[in-house]
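Visitor:
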Amino acid sequence: FAPIVKGDPTREDALQQIVKNIHRIDGAVLVASKAAGRGNSYAAWEALATLREEFPDDPDLGRELEKLTPRVSTFVNALEKARQFENRKPQQTGSAMSWYLRAKRMYPDSEMAEEGFQRLLDQVLPEGDSLPPTADTRRASGTPSYE
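When the letters of the sequence shown are read in order and numbered with our numbering, they come out as residues 80 to 226.
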């Protein structure tokens, strides 16, 4: 294709972007395949699913996700339930947070679960607020816990 677009900056830029996208997708599929081969199907699925949001029509990406999904179906289900509760009108914040935490228990390094939970936490706790102290921090500070 390069000779066809040579001299047309718009088409040259478009072709370069296409090539970059193909390399990103191929690289992600390779990394995911290696991660799954080492037994980390959760990381593999999450990496591909994140890229899938950007490239929803890529057949190779879709095929690789389909291969991984049965291995991580409970994790995928937990993320999907969390999103459903988060997107409901009215929003079911507590239920959504619970499902994100459930996904996080299955795969502690999950960026999707962490981002979802943090997004909801930011809604619940306005900027500048923090979580109430736990019993451990109250004991350390000498504050009565009334437990």
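Note that beta-carbon positions come from the ideal geometry of N, C-alpha and C, so glycine has one too.
Could you check if Ile228 is buried or exposed, using at least 16 other CB atoms within 10 Å of its CB as the buried criterion?
Guide: There is no way to answer for residue 228, as the model of the chain reaches only from 80 to 226.
Visitor: Whose CA, out of Pro149, Thr129, Lys113 and Glu91, lies closest to the CA of Ser189?
Guide: The shortest C-alpha separation from Ser189 is found at Thr129.
Visitor: Taking all protein chains shown into account, do 16 or more other C-beta atoms lie within 10 angstroms of the C-beta of Gly195, making it buried, or fewer, making it exposed?
Guide: It is buried - the Cβ of Gly195 has at least 16 other Cβ atoms within 10 Å.
Visitor: What are the boundary residues of the alpha helix (DSSP H) that includes Gly141?
Guide: Residues Pro138 to Leu147.
Visitor: When you compare each of Arg198, Asn156, Val155 and Phe154 to Thr172 by their alpha carbons, which one comes out closest?
Guide: Out of Arg198, Asn156, Val155 and Phe154, Arg198 has the C-alpha closest to the C-alpha of Thr172.
Visitor: Determine the burial state of Val151: buried for a count of at least 16 other Cβ atoms within 10 Å of its Cβ, exposed for fewer.
Guide: By the neighbour-count rule (16 or more Cβ atoms within 10 Å), Val151 is buried.
Visitor: Just how far apart, CA to CA, sit Ala161 and Pro88?
Guide: Each residue's Cα considered, the two are about 44 Å apart.
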